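S.K.: First the structure, which I've put down as structure tokens, then a few questions once you've had a look.
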Amino acid sequence: MSDQQNVYPVRDDFAANAWADKAKYEAMYQQSMDDPEGFWAEQAKRLDWIKAPTKIKNTSFARDNVDIRWFEDGLLNVSANCLDRHLEKRGDQTAIIWEGDNPDDSKHITYRELYARTNQLANALKELGIGKGDTVTLYMPMIPEAAMAMLACSRIGAVHSVVFGGFSPDAVAQRVIGADSKLVITADESVRGGKHVPLKENVDAALTRDGTDVCKNVLVVKRTGGEIDWKEGRDVWFDELVDKQSSECEPEAMGAEDPLFILYTSGSTGAPKGLKHTTGGYLTYAAMTHQYVFDYQEGEIYWCTADVGWVTGHSYIVYGPLANGATTLMFEGVPSYPTHGRMGDIVDKHNVNILYTAPTAVRALMAHGENVMDSSKRDSLRLLGSVGEPINPEAWEWFYRVIGNEKCPIVDTWWQTETGGIMIAPLPGATPLKPGSATVPFFGVKPALVDNEGKQLEGATEGNLVILDAWPGQARSIWGDHERFVQTYFSTYDGMYFTGDGCRRDEDGYYWITGRVDDVLNVSGHRMGTAEIESSLVAHSAVAEAAVVGFPHDIKGQGIYIYVTLNDGIDPTDELKKELTQWVRKDIGPIASPDVIQWAPGLPKTRSGKIMRRILRKIAANECDGLGDTSTLADPSVVDELIEHRANQ
Ligand code: PRX
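With my numbering applied, the sequence shown corresponds to residues 5 to 653, in that order.
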């Protein structure tokens with residue numbers, strides 16, 4: 005395949021007007037490599053500091069001393085940077101456009117209104133006994149109160165842990181316990197695609213689990229007015245408590261390295277880990293990447309379709325845009341409701357200029373044909389963005405042509421929960437685009453490809469993607485388990501941050517992410533550990549053993565393929581498949597729904613008992629001819645049996 009086939013040159017209007025053209029990108033990138041201290045000292049000035057930092061970079065990736073600090077003697081407050089400092093110039097400008105699930109519901113919230121309500125909420129949190137260093141779990145719909153809750157926590161120095169509203173009660177319980185949260189903020193119900201999701205009921209169930217008694221209060225937004233149980237003394241209505249508070253709340257002076265939030269994400273082993281992100285470096289990085297990658301210009305309407313439950317929502321719905329004084333659109337619903345043209349309709353309704361979405365959303369639209377967007381014109385769009393998984397060139401071209409009317413550059417942004425912000429992406433005024441490539445590193449990011457021994461590979465090649473030096477937005481630790489942080493990211497290759505991704509670099513130095521090289525799945529851009537799903541399955545009384553792998557899926561990118569060995573005497577029926585599907589959905593959440601379950605009388609194992617996932621992946625992908633060496637298997641006949649009964653997907 006030639007990478008040169010489809011190169012989209014930088015558009016002249018972008019080269020002339022964007023924040024960075026090619027020469028500026030190259031000069032700034034070089035400076036960020038040659039003099040990171042000077043570069044980031046300058047960038048930190050984009051924030052308002054209570055005390056400006058004098059120590060800029062103090063970082064070590066050495067396996068025996070992983071320690072990452074940026075701007076460590078600086079003091080600042082994140083909410084003051086996202087709100088207070090904008091009041092004078094843009095107090096009456098819309099900060100958040102909220103578009104409800106129902107197309108008739110939307111509202112605009114100005115910076116002044118967002119400031120006032122956030123302060124009231126911050127005072128309410130104080131009344132509930134929350135203070136600096138306490139953790140608060142948010143389990144919320146996509147409503148403005150979610151952004152307010154994040155900002156209110158940051159105002160008083162509390163640490164938020166947002167749990168995606170699609171997760172199960174057990175997942176909520178696990179995260180409440182893991183973060184030691186005194187408070188959960190939720191809503192009666194969320195509304196997505198016309199359906200109600202019982203968030204409060206899920207919280208009630210979560211808080212019956214052992215160990216959750218750390219949580220003293222539940223603050224409940226009335227979103228639908230749906231019926232809910234009420235626990236006197238614990239549950240508090242959001243509006244009742246918040247309405248009566250003062251709209252002034254002094255922002256807490258936080259150290260740059262004080263934690264801002266915890267965000268749980270899946271890894272290849274064990275339970276999800278809570279990444280710890282801190283204050284000064286994170287905000288500097290989120291704001292800078294938002295400005296340059298999306299080329300955000302004053303007054304533009306910017307829409308990121310992610311959920312605030314994921315890192316994309318943190319950095320590019322809330323913190324980056326608000327730090328930059330942008331107008332950020334928050335959408336409660338799903339792109340397919342009430343029609344598949346909804347995304348385009350929202351763009352027209354609110355004159356969206358920048359649209360940041362996921363390949364899976366694009367592929368889902370593609371499946372409905374060229375005319376799926378005909379109800380909208382999308383003339384306001386200037387730039388498109390993609391995140392969460394590799395975008396296949398076909399989807400890229402379709403996104404460009406059908407959604408962007410062949411006039412909007414697409415910034416394919418590679419990054420991770422751990423990285424805090426965008427790491428590899430084009431700048432629209434500087435970088436020619438190649439469909440399917442996240443292109444080149446952002447300022448301050450030093451990527452490299454290594455072989456399995458950690459040897460750096462030069463030139464056009466393929467290998468494991470690592471980052472060689474620290475950048476301000478990166479996670480500092482795993483909450484409560486620094487050793488696991490070191491083990492997961494810094495012990496595979498000493499002195500390097502290991503991303504878990506495979507990657508190819510072409511002759512122009514462009515990076516092409518090829519997907520995870522570990523046991524992490526990426527299903528519709530949602531990250532999941534195979535081990536998590538397996539441990540859920542083996543907790544079912546019928547299951548003796550389970551192995552989970554990903555397989556190529558047209559819309560989701562990857563689907564979930566499960567091999568299940570049943571206990572003796574259990575009948576492998578279709579009913580049981582349905583039951584196991586429900587079991588996983590209930591245990592983890594609907595995003596972990598299996599796509600395929602295959603009964604496996606035996607699993608391919610090495611003589612030492614290790615499951616050979618490589619073989620299971622091949623069978624799931626229907627690549628049964630290229631199974632490679634099976635001679636080390638304890639019982640090679642198991643493989644023939646699996647191939648013979650391969651499930652019809
Ligand atoms: O495999 C990469 C993939 O998503 C993983 C990170 O997932 P998560 O922490 O949930 O964050 C998603 C949103 C930032 C990465 O290790 N990934 C993310 N963006 C891209 C991508 N793969 C290819 N191209 C991308 N643009």
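Beta carbons: idealized from backbone N, C-alpha and C, even for Gly. Just so you know, these numbers come straight off a predicted model, no measurement behind them.
Tell me the rounded alpha-carbon separation between Thr122 and Glu536.
M.R.: Looking at the two C-alpha atoms, the distance is approximately 36 Å.
S.K.: Can you find a C-beta in chain D that's less than 7 Å from the C-beta of Lys59?
M.R.: Reference to chain D is not applicable here, since this structure consists of a single protein chain.
S.K.: Could you check if Trp516 belongs to the surroundings of ligand 1, using beta carbon to heavy atom distance under 6 Å?
M.R.: Flag unset: Cβ of Trp516 not near ligand 1.
S.K.: Could you tell me whether any non-hydrogen atom of ligand 1 is closer than 6 Å to the CB of Asp505?
M.R.: At least one heavy atom of ligand 1 is nearer than 6 Å to the Cβ of Asp505, so yes.
S.K.: Return helix, strand or coil for Leu287, following the three-state DSSP convention.
M.R.: It is helical.
S.K.: Whole angstroms are fine: how far does the CA of Phe494 sit from the CA of Asn69?
M.R.: If you take the alpha carbons of Asn69 and Phe494, they lie about 10 Å apart.
S.K.: Rounded to whole angstroms, what's the CA-CA distance from Gln586 to Asp510? Just pull it up for me.
M.R.: The straight-line gap from Cα to Cα measures roughly 44 Å.
S.K.: For Ile517 and Trp418, I'd like the C-alpha separation in whole angstroms.
M.R.: Looking at the two C-alpha atoms, the distance is approximately 8 Å.
S.K.: Is the region 276–286 touching the region 477–488 in the sense that three or more CB pairs, one from each, lie closer than 8 Å?
M.R.: With a cut-off of 8 Å, the region 276–286 and the region 477–488 count as touching, because enough Cβ pairs lie within range.
S.K.: Assign Leu461 to one of three DSSP states: helix, strand, or coil.
M.R.: The answer is strand: DSSP assigns Leu461 an E or B state.
S.K.: Assign Asp633 to buried or exposed, taking buried as 16 or more other Cβ atoms, counted over all protein chains shown, within 10 Å of its Cβ.
M.R.: With fewer than 16 Cβ atoms within 10 Å of its Cβ, Asp633 is classed as exposed.
S.K.: Would you mind stating whether Leu142 and His164 have Cβ atoms separated by less than 7 Å?
M.R.: In contact: Leu142 and His164 (Cβ atoms closer than 7 Å).
S.K.: For Pro95, tell me which candidate among Asp109, Ala84, Lys111 and Tyr119 has the shortest Cα-Cα distance.
M.R.: Here the sequence assigns Gly to residue 95, which means Pro is not the residue at that position. Of the listed residues, the one whose Cα sits closest to Gly95 is Tyr119.
S.K.: Going by DSSP, which residues form a beta bridge with Arg531?
M.R.: Beta-bridge pairing links Arg531 to Asn526.
S.K.: Is the region 296–307 touching the region 438–445 in the sense that three or more CB pairs, one from each, lie closer than 8 Å?
M.R.: Counting Cβ pairs under 8 Å, fewer than three are found: no touch.
S.K.: Please check the pair Val167 and Gly313, which I expect to be a contact at CB under 8 Å, by giving their CB distance rounded to whole angstroms.
M.R.: Confirmed, Cβ separation roughly 6 Å.
S.K.: Beta strand (DSSP E) containing Ala99: first to last residue?
M.R.: Thr98 to Glu103 is the extent of the beta strand (DSSP E) around Ala99.
S.K.: Along the chain, where does the alpha helix (DSSP H) that runs through Tyr33 open and close?
M.R.: That run of the alpha helix (DSSP H) goes Lys26 to Asp38.
S.K.: Check each candidate in Cys507, Gly499 and Ile564 and name the one with the smallest Cα separation from Leu461.
M.R.: The residue with the shortest Cα to Cα distance from Leu461 is Cys507.
S.K.: Give the secondary structure of His557 by DSSP, where H, G and I count as helix, E and B as strand, and everything else as coil.
M.R.: Residue state, collapsed to three classes: strand.
S.K.: Cβ atoms of Arg617 and Ser270: under 7 Å apart, would you say?
M.R.: No. Outside cutoff.
S.K.: For Ser6 and Asp512, what's the separation of their Cα atoms in angstroms?
M.R.: In this prediction, Ser6 scores a pLDDT of 44, lower than 50, which makes its location untrustworthy; the coordinate-derived value is nonetheless stated afterwards. Taking the straight line from one Cα to the other gives about 12 Å.
S.K.: Pairs of beta-carbons, one from the region 142–160 and one from the region 556–574, closer than 8 Å: are there three or more?
M.R.: The region 142–160 is not in contact with the region 556–574.
S.K.: Quick check on DSSP: helix, strand or coil for Pro363?
M.R.: The answer is helix: DSSP assigns Pro363 an H, G or I state.
S.K.: Assign Lys459 to one of two classes, buried (16 or more other C-beta atoms within 10 Å of its C-beta) or exposed (fewer than that).
M.R.: That one is exposed.
S.K.: Mapping DSSP to helix, strand and coil, what is Glu304?
M.R.: Glu304 falls in the coil class under three-state DSSP.
S.K.: Looking only at its chain, what residues have a beta carbon closer than 6 Å to the beta carbon of Gly467, apart from the 5 residues adjacent to it on each side?
M.R.: Result list for Gly467: Leu453, Val454, Asp455 and Leu461, in chain order.
S.K.: What do you get for Glu487, buried or exposed, if any count of 16 or more other CB atoms within 10 angstroms of its CB means buried?
M.R.: Result: exposed.
S.K.: Which two residues bound the contiguous beta strand (DSSP E) that contains Asp1?
M.R.: Lying before the first or after the last residue shown, residue 1 is absent from the chain, which here runs from 5 to 653.
S.K.: Using three-state DSSP, classify Gly42 as helix, strand or coil.
M.R.: Gly42 falls in the helix class under three-state DSSP.
S.K.: Between Ile358, Lys450 and Asp505, which has its C-alpha nearest Glu393's C-alpha?
M.R.: It is Asp505 whose Cα lies nearest to the Cα of Glu393.
S.K.: Could you pull out every residue in the same chain whose Cβ sits closer than 7 Å to the Cβ of Asp208, ignoring the five residues on either side in sequence?
M.R.: Excluding residues within five positions, the ones whose Cβ falls inside 7 Å are Asp233.
S.K.: Could you tell me which of Ser250, Asp247 and Ala162 sits nearest to Thr257, measuring between CA atoms?
M.R.: Per the sequence presented here, residue 257 reads as Ala, with Thr not at that position. Ranking Ser250, Asp247 and Ala162 by Cα distance to Ala257 puts Ala162 first.
S.K.: Would you tell me roughly how many angstroms separate the C-alpha atoms of Val140 and Cys157, rounded to the nearest one?
M.R.: About 8 Å.
S.K.: Return the chain-ordered list of same chain residues with a C-beta closer than 7 Å to the C-beta of Asp591, the five sequence neighbours on each side being excluded.
M.R.: Excluding positions up to five away in sequence, the list reads Ser172, Asp174 and Ser540.
S.K.: Beta-carbon separation of Leu646 and Ile623 under 7 Å?
M.R.: Result yes, Cβ atoms of Leu646 and Ile623 sit closer than 7 Å.
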